[in-house]
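Single-structure report; data block below.
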Amino acid sequence: KQWYQRRVAITAGSLGVVTDGVKHSMNPFDENAIEEAVRMKQKKIVKEIVVASCGPSQSQETIRTALAMGADRGIHVEVPAGTDADLQPLAVAKIFSKLVEKEKPDLVILGKQAIDDDANQTTQLLAGMLDWPQGTMASVVNAADGRLTITREIDGGLEDISVSLPAVISADLRLNEPRYATLPNIMKAKKKKIEKMTPENLGVDITPRLKILNVVDPPVRQAGEKVPDVSTLMEKLKEKGHL
Amino acid sequence: KQWYQRRVAITAGVTAASKLGGPVHALVAGDACQEAAAAAAKIPGIEKVFVAESDSLKGQIAEAVSAVLLDVQSKNNYSHILANGTVFGKNILPRLGAKLDVAPISDIVEVKSENTFVRTIYAGNAVQTLESVDPVKLITVRGTAFEAAADEGGSAATEAVEVVVNNDKSKWLEAKLSKSDRPELASASIVISGGRGLKNGENFEMLYTLADKMGAAVGASRAAVDAGYVPSDLQVGQTGKMIAPDLYIAVGISGAIQHLAGMKDSKTIVAINKDGEAPIFQVSDYGLVDDLFKAVPEMINSIDG
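Going down the list, the protein sequences come from chains A and B. Numbering-wise, my numbering puts 201 at position 125 of the first sequence, and it's gapless, one number per residue. Numbering-wise, my numbering puts 71 at position 52 of the second sequence, and it's gapless, one number per residue.
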């Protein structure tokens, strides 16, 4: 999925957000996902990294970035620009499950959530479809004997789980520090293969189940006052009944 | 019929469920559920509490809980299944969505009708109203957007669920939970939050001291967590906890959009930062431009006791 980096502007007709002319970059959690895969390859836990992205033609740039970070080849599932905003997690998970059928990976790593729709669902959906174990919000992943031990960031702290392979995990921000692609690797990435296909090729119906009725600006919070010192602050808080 | 899935104490999700009309049932799942089940049964508005208690559900591991959910759903055919928009709810409900082939709806802030809901996108910078055409609605609920349900007055019947789970793929090992006598961050009425301005973990001690004097919880910005000053469960923001306390005091926090997403619904916001241009002052009700290392000890001293 793509990351829209800019203040958002609501379109007239209120059905979406203006994305023309907005620079698209990789979703930060996806960077963590790719970085983890590259580290696993460096540790020889993993032999090949395939990176997949669903979206309009700009998705190819994101795939090239992943290839420059160290992925081996890419798959671009193309969805026409303009309709890509309708691409919802259930459809994305179905596309990925078809890719999994094709490629037969031992591990799928996704980013925890896309910072445009903030859904945090695709990993769980994919794991459910495949009936594979899931490790979401992963901040540490260790591999041994065909299993993964995963530390997850949960509501009250951390928890450890163990899952068998194949599995689906979602990367949290603290899983690793993603590398910058170096220029030589960017050049090498241009020669790596990106296979193109469509949801139709995969037999996936991507019709959205959730119909967006409208999108509006949130209520704007007004700035209040500045106070000159702590004692004034505490007075104000007392007046308001907080103390 | 709606079905509300809980793990522990009182949540606002029951309120969301009750807005849909129709009877509300709850499911409590885990390896030791009796206390949670008893608490759930006392929430007004809940008619029945299913209790799924088994070692296979230890740690509420997603593969096992979703199997139990699927089983109960197949026998009862609920129209809506809700869970809190916490890591727990978000981890489990979409897995069930795959099994039922329905699109989960994450983190709603309003129920407009039985098939129309409101949620935010782009870190809270846009508000989206959507309609689901699926026969079963799977919904996670943002706790701060609904009134907390009362914890007394209800008298639901409890019913044990036979748990037959074949999960050889995942195992819950252990939890390392932050131990604290302070109020829970997600539901505290006062939160004192620290950012990168604190410079290190030791400096957070003064926030803990202030919090104890005010009966507050302590939170943090992502920057402070990334830098290792505090554990990750203190993180407030787009990718951490979304909270809305009565009073939020942001100390040494610049106010990045992603942080604001997690706290801008607080009733009163106070900001303390030595940079008068910090974006946090655009949302604060009271802004103090000062050195936090001077201001926070002053605040501590000004409170008796």
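Even for Gly, the Cβ is constructed at its ideal location relative to N, Cα and C.
In chain order, what residues of the same chain have a beta carbon less than 8 Å from the beta carbon of Asn261/A, not counting five sequence neighbours either side?
Here residue 261/A refers to the residue found at position 185 when the first sequence is read from its first residue. The residues are Ala144, Met145, Gly146.
For Leu251/A, would you say it is in contact with chain B, using Cβ-to-Cβ distances shorter than 8 Å as the test?
In the first sequence, counting from the first residue as 1, residue 251/A sits at position 175. So no, Leu251/A is outside the interface.
Can you pull the chain B residues whose beta carbon is under 7 Å from the beta carbon of Ile290/A, in chain order?
As a position in the first sequence, residue 290/A is number 214, starting the count at 1. Before going on, a small fix: residue 290/A reads as Asn here, not Ile. Residues of chain B passing the Cβ test: Thr148.
Close Cβ partners of Lys117/A (< 7 Å) along its chain, the five nearest in sequence each way excluded:
Here residue 117/A refers to the residue found at position 41 of the first sequence. The answer, listed in chain order, is Ile125, Gly146.
Quick test of your reading: Gly271/B and Gly306/B, contact by CB under 8 Å. State the CB separation rounded to the nearest angstrom.
Translated into positions along the second sequence, residue 271/B becomes position 252. Translated into positions along the second sequence, residue 306/B becomes position 287. Their Cβ separation, rounded to whole angstroms, is 13 Å, which puts Gly271/B and Gly306/B out of contact at 8 Å.
In the DSSP assignment, find the alpha helix (DSSP H) that holds Met318/B and state where it starts and stops.
Within the second sequence, numbered from 1, the residue matching residue 318/B stands at position 299. Met318/B -> alpha helix (DSSP H) spans 311-321.
So within the stretch 255-291 of chain B, which uninterrupted alpha helix (DSSP H) runs reach at least 4 residues, ignoring any that extend past its ends?
276-282
C-alpha distance - Gly220/B paired with Val237/B, whole-angstrom precision
The sequence position of residue 220/B within the second sequence is 201, counting from 1. The sequence position of residue 237/B within the second sequence is 218, counting from 1. Going by the C-alpha atoms only, they are around 13 Å apart.
Reducing DSSP to helix, strand and coil, say where Ser199/B ends up.
In the second sequence, counting from the first residue as 1, residue 199/B sits at position 180. Note: Ser199/B maps to coil in three-state DSSP.
How big is the Cα-Cα spacing for Ile288/A and Ser37/B?
Along the first sequence, one-based indexing puts residue 288/A at 212. Along the second sequence, one-based indexing puts residue 37/B at 18. So the alpha carbons of these two residues sit roughly 24 Å apart.
Restricting to runs no shorter than 4 residues, where is the alpha helix (DSSP H) found entirely within the stretch 192-262 of chain A?
198-206
Can you check whether the C-beta of Ala122/B is within less than 8 Å of a C-beta belonging to chain A?
For the purposes of this step, residue 122/B is identified with residue 103 of the second sequence, where counting begins at 1. It does; some Cβ of chain A falls within 8 Å.
Cα-Cα separation between Asp231/A and Ser133/A, rounded to whole angstroms:
Along the first sequence, one-based indexing puts residue 231/A at 155. Along the first sequence, one-based indexing puts residue 133/A at 57. Roughly 38 Å between the two C-alpha positions.
Leu286/A and Leu149/B - do their beta-carbons sit closer together than 8 Å?
Numbered from 1 along the second sequence, position 130 holds the residue referred to as residue 149/B. Numbered from 1 along the first sequence, position 210 holds the residue referred to as residue 286/A. Yes, these two residues count as a Cβ contact at 8 Å.
Would you mind telling me which residues of chain B sit closer than 8 Å to Leu240/A, beta carbon to beta carbon, in chain order?
Looking up residue 240/A in the first sequence gives position 164. Looking at the sequence provided, one finds Ser at residue 240/A rather than Leu. Those are Asp187, Lys188, Ser189, listed as they occur along chain B.
What residues from the stretch 261-287 of chain B come within 7 Å of chain A, judged by C-beta to C-beta, listed N to C?
Asp265, Leu266, Lys283, Thr287
For Pro254/A, count the other beta carbons within 10 Å of its own beta carbon; 16 or more makes it buried, fewer makes it exposed. Which is it?
Translated into the one-based positions of the first sequence, residue 254/A becomes position 178. Buried, by the Cβ-count rule.
Starting from Ser132/B and walking both ways along the beta strand (DSSP E), at which residues does that stretch end?
The sequence position of residue 132/B within the second sequence is 113, counting from 1. Per DSSP, Ser132/B belongs to the beta strand (DSSP E) from 124-132.
Inter-stretch contact at 8 Å, needing at least 3 Cβ pairs: the stretch 91-102 of chain B / the stretch 152-163 of chain B:
yes
If you draw a straight line from the alpha carbon of Gly108/B to that of Lys178/A, how long is it in whole angstroms?
Here residue 108/B refers to the residue found at position 89 of the second sequence. Here residue 178/A refers to the residue found at position 102 of the first sequence. If I take the Cα positions, the gap works out to 31 Å.
Considering only residues of the stretch 147-196 of chain A, which uninterrupted beta strand (DSSP E) runs meet the minimum length of 3 residues and lie entirely inside it, listed in chain order?
149-154, 183-187
Contacting residues, own chain, Cβ-Cβ under 6 Å from Thr135/B (five flanking each side not counted):
Start at 1 with the first residue of the second sequence, and residue 135/B comes out as number 116. Taken in chain order, the residues that qualify are Glu150.
Give me the chain B residues within the contact set of Ala144/A, using Cβ-Cβ distance strictly less than 9 Å, ordered along the chain.
In the first sequence, the residue the question calls residue 144/A occupies position 68. In chain order: nothing, as chain B lies at least about 24 Å away.
Can you pull the DSSP bridge partners for Tyr227/B?
Position 208 of the second sequence, counting from 1, holds the residue named residue 227/B. Its beta-bridge partners do not exist; DSSP assigns none.
Smallest Cα separation from Met205/A: which of Val146/B, Lys283/B, Leu115/B?
Taking the first sequence and counting its residues from 1, one reaches residue 205/A at position 129. For the residues Val146/B, Lys283/B, Leu115/B, the minimum Cα distance to Met205/A belongs to Leu115/B.
In angstroms, rounded to a whole number, what distance separates the CA positions of Val180/B and Lys67/B?
For the purposes of this step, residue 180/B is taken as the residue at position 161 of the second sequence. For the purposes of this step, residue 67/B is taken as the residue at position 48 of the second sequence. Cα to Cα, the separation comes out at about 12 Å.
Taking Lys195/B as the reference, which of Asp252/B, Leu88/B, Ser189/B has the closest Cα?
Along the second sequence, read from residue 1 onward, the residue named residue 195/B stands at position 176. When only C-alpha atoms are compared, the closest one is Asp252/B.
Give me the residue from Val216/A, Thr308/A, Lys266/A, Ile245/A with the minimum Cα distance to Thr141/A.
Here residue 141/A refers to the residue found at position 65 when the first sequence is read from its first residue. Among Val216/A, Thr308/A, Lys266/A, Ile245/A, the Cα nearest to that of Thr141/A is on Lys266/A.
The ligand NAD heavy atoms versus the CB of Asp207/A: any closer than 7 Å?
Of ligands this structure carries none, so the ligand NAD is not represented either.
Give a yes or no on contact between the stretch 240-260 of chain B and the stretch 182-200 of chain A, applying the rule of three or more CB pairs nearer than 8 Å.
yes
For Gly238/B, list the residues DSSP reports as bridge partners.
Sequence index remark: in the second sequence, residue 238/B carries index 219 (1-based). Note: Gly238/B sits in a beta bridge opposite Ser212/B.
Suppose contacts are defined by Cβ-Cβ distances below 8 Å. Is Ala219/A in contact with Ile121/A by that definition?
Along the first sequence, read from residue 1 onward, the residue named residue 219/A stands at position 143. Along the first sequence, read from residue 1 onward, the residue named residue 121/A stands at position 45. Their beta carbons are under 8 Å apart, which means Ala219/A touches Ile121/A by this criterion.
Specify whether the stretch 293-305 of chain A and the stretch 170-190 of chain A touch according to this definition: at least 3 beta carbon pairs, one from each stretch, less than 8 Å apart.
no
Would you check if there are 3 or more beta carbon pairs closer than 8 Å linking the stretch 235-250 of chain A to the stretch 207-219 of chain A?
yes
My output table needs one value for Lys118/B: the three-state DSSP class, helix, strand or coil.
The residue labelled residue 118/B in the question sits at position 99 within the second sequence. In the structure shown, Lys118/B sits in a helix (DSSP, three-state: H, G or I).
So is Ala195/A in contact with chain B if we call contact Cβ pairs under 8 Å?
Sequence index remark: in the first sequence, residue 195/A carries index 119 (1-based). Chain B, which has a Cβ nearer than 8 Å to the Cβ of Ala195/A, makes this yes.
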